[in-house]
Amino acid sequence: MNLFSPIIFRNLTLKNRIALSPMQQYSAKDGVPGNWHLVHLGSRAVGGAGLIITECTAVSPEGLATLSDVGIWNDEQQTAWKTIVDFVHEQGAKIGIQLWHAGTKGSLKHPNEGMKPLTTEEGGWALKSSSATEINGVISQELTVEEIQELKTEFVDAALRAVDAGFDTIELHAGHGYLFHQFYSAVINKRQDEYGGSLENRIRFLVETVQEIRNVIPDGMPLMVRISTVDYMETPEAWTLENSIELSKILKQNGVDLITASGGGFTNVSKDRVFPGYQVPFARAIKEQVGIATGAVGMITDANQANEIIVDDQADLVIIAREHLRDPYFALHAAKELEMDIEIPWQYKRAF
Ligand SMILES: Cc1cc2nc3c(=O)[nH]c(=O)nc-3n(C[C@H](O)[C@H](O)[C@H](O)COP(=O)(O)O)c2cc1C
């Protein structure tokens, strides 16, 4: 087994273990992915990654972080995604959509304008979260139980649209301080009802959403979840690896096929905690202790490093973000460096 060994999840076969990690491009209008997204995602498919994962894709307008994020809540967006899905498939790669709701981390200006809160005149909206919170001077209201039920329906509708658009897999974005994470981490969740308090209650929104999605998508379609394995905070409320192991067991029982072990989202991570492969031990711990496939992410930048993660069975996928921005052809280059024989796009064969 190595970086270029195929892997099967339900009815989905990936040709290798390299995935493009979701990366917001802040380049959409009205939530519709455009030419930039086609080229961004398409180039990494040409570049040999076995799995392309879209940037976080909102299930409703209120789920966006900025007005330049993508979504999948209407027909126009679904049709635009299908064009990208078809192109990725033509390259022999598979594609997953990362479904997402930003919760209290929404209603922000574009990064080029400093990501400050949007005013109402600029199109800003009222923020909601697990609990009433104040972040950067912006107040979010606590979601009612009825609104939580509606949110689950939005995720289900988005999942059905993703199936219709031809996506091969769905990943729920349950990390990085976004809405699901705002529920399962006690750093934000101060609710007193069945969605707050105990760990069982705090993970309820995510688990119920998983159950509802699993019920409507084809049995053969894998379901993945990206979590923040730890909060990288020292407070007693902080979410821990042990909590992630418990959550992953429950997600597995409910039909989740892969956990991507990311981290953080509520605070800046101190520099000494970030080094090559810094989150790989999380992927390994969840894989070993839960018996579920995992994706490793975070400062994986080198072919040998990526290969070792797979050869040593530390994770099942290596999920590469920024190195893929520097090198869309990371997988083709890795195969060359590791002297592995892989399919080169015929148009490019003379160069490899
Ligand atoms: C520009 C940019 C946008 C990102 N957007 C997302 C996103 O949409 N969803 C997500 O789960 N992570 C997102 N991330 C985090 C990456 O997927 C990844 O977890 C992180 O960058 C660490 O991996 P790396 O060291 O390979 O870059 C983003 C990262 C970058 C650099």
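In numbering that gives the first Met the number 0, the protein residues as written are 0 to 351. Don't be surprised by glycine CBs; every beta carbon is placed ideally from N, CA and C.
Among all the DSSP beta bridges, which residues are the ones paired with residue i?
i: H172; result: R225
i: T56; result: V69, L98
i: K28; result: V31
i: E133; result: I138
i: P116; result: L107
i: K93; result: L50
i: T12; result: I7
i: I83; result: Answer is none; I83 lacks a bridge partner.
i: L63; result: Bridge partners of L63: none, in fact.
i: A127; result: Here the sequence assigns Lys to residue 127, which means Ala is not the residue at that position. Partner(s): Q140.
i: L19; result: I51, I319
Report all residues from its chain with a CB closer than 7 Å to the CB of residue i; omit the five preceding and five following residues, and keep chain order.
i: T108; result: In the sequence as displayed, the identity of residue 108 is Lys instead of Thr. Same-chain partners within the cutoff: T65, M114, K115, L117.
i: A157; result: V58, I71, W72, L98
i: R43; result: L19, I51, H323, P327
i: Q77; result: I71, R160, D163, A164
i: F204; result: I147, F179, F182, Y194
i: A330; result: N15, I17, G46, G47, A48
i: Q210; result: N253
i: N200; result: E193, Y194
Taking the alpha carbon of residue i as the reference point, which residue from the options has its own alpha carbon closest?
i: E342; options: V45, V229, S20, N10; result: V45
i: E133; options: Q23, G276, V186, V310; result: V186
i: N111; options: Q304, G30, E89, Q24; result: Q24
i: A292; options: D256, T143, G62; result: D256
i: T266; options: F166, K104, E149, L198; result: K104
i: G352; options: D85, H172, I258; result: A question about residue 352 goes unanswered here, because the residues of the chain that appear run from 0 up to 351.
i: K28; options: D68, S4, E141; result: D68
i: T56; options: L126, G122, L178; result: L178
i: L13; options: P21, F182, G47, H39; result: G47
i: S26; options: V224, V38, Y183, G95; result: V38
i: M22; options: G95, S197, N10; result: G95
i: G195; options: G174, L205, F182; result: F182
i: D301; options: R325, A284, A333; result: A333
i: W238; options: E193, H180, I138; result: H180
i: S139; options: Y347, E149, S269, A101; result: A101
i: K251; options: E199, V206, E193, P5; result: V206
i: E233; options: S184, E75, H36; result: S184
i: E241; options: N214, R225, D218, L198; result: L198
i: Y347; options: E54, Q90, E61; result: Q90
i: G263; options: H175, F8, A284; result: H175
i: D74; options: W345, L337, G30, R325; result: G30
i: E61; options: N135, E149, H36; result: E149
i: H36; options: I7, P5, I83, L63; result: I83
i: N34; options: I6, L63, K81, P5; result: K81
What distance in whole Å lies between the Cβ atoms of residue j and residue i, which are believed to be in contact at a cut-off of 8 Å?
i: L316; j: L50; result: 7 Å
i: R190; j: S129; result: 6 Å
i: A79; j: P32; result: 5 Å
i: E141; j: A131; result: 5 Å
i: I169; j: L222; result: 6 Å
i: V289; j: I216; result: Their Cβ separation, rounded to whole angstroms, is 22 Å, which puts V289 and I216 out of contact at 8 Å.
i: H172; j: R225; result: 5 Å
i: G297; j: S261; result: 7 Å
Ordered along the chain, which non-local residues of its own chain (more than five positions away) have a Cβ less than 8 Å from that of residue i?
i: I299; result: P275, G276, V279, A305, I308, V317, I318, I319, E322
i: R272; result: Y231
i: K335; result: F351
i: K286; result: A292, T293, D312, Q313, A314, D315
i: L11; result: K93, D167, T168, G219, M220, P221
i: R9; result: D218, G219, M220, P221, D256
i: V229; result: A237, W238, T239, L240, S243, G262, G263, F281
i: E121; result: K108
i: L337; result: N1, L2, F3, A302, N303, N306
i: P344; result: V45, Q90
Less than 6 Å between C-beta atoms, sequence neighbours within five positions excluded: which residues of the same chain meet that for residue i?
i: V310; result: N1
i: T208; result: K151, F154
i: L246; result: I202
i: A295; result: V279, A282, I308, A314, V317
i: G123; result: S106, L117
i: M339; result: F3
i: K248; result: V289
When the cut-off is 8 Å and only beta carbons count, does residue i lie next to chain D?
i: T132; result: No chain D appears in the structure shown, which is made up of a single protein chain.
Is residue i near ligand 3 - that is, is its Cβ less than 7 Å away from at least one heavy atom of it?
i: E193; result: Absent from the structure shown: ligand 3. Ligands present: ligand 1.
* Every unbroken alpha helix (DSSP H) within the region 141 to 225, with a cutoff of 4 residues, ordered by chain -> 144 to 164, 178 to 183, 198 to 201, 203 to 215
* Sequence ranges, beta strand (DSSP E) only - wholly within the region 268 to 300, length at least 3 -> 292 to 296
* Asked: Which ranges would you report for the beta strand (DSSP E) in the region 236 to 266 if only whole runs of at least 3 residues count?
  -> 257 to 261
* Asked: Mind pulling the beta strand (DSSP E) runs of 3 or more residues that sit fully within the region 310 to 343?
  -> 316 to 319
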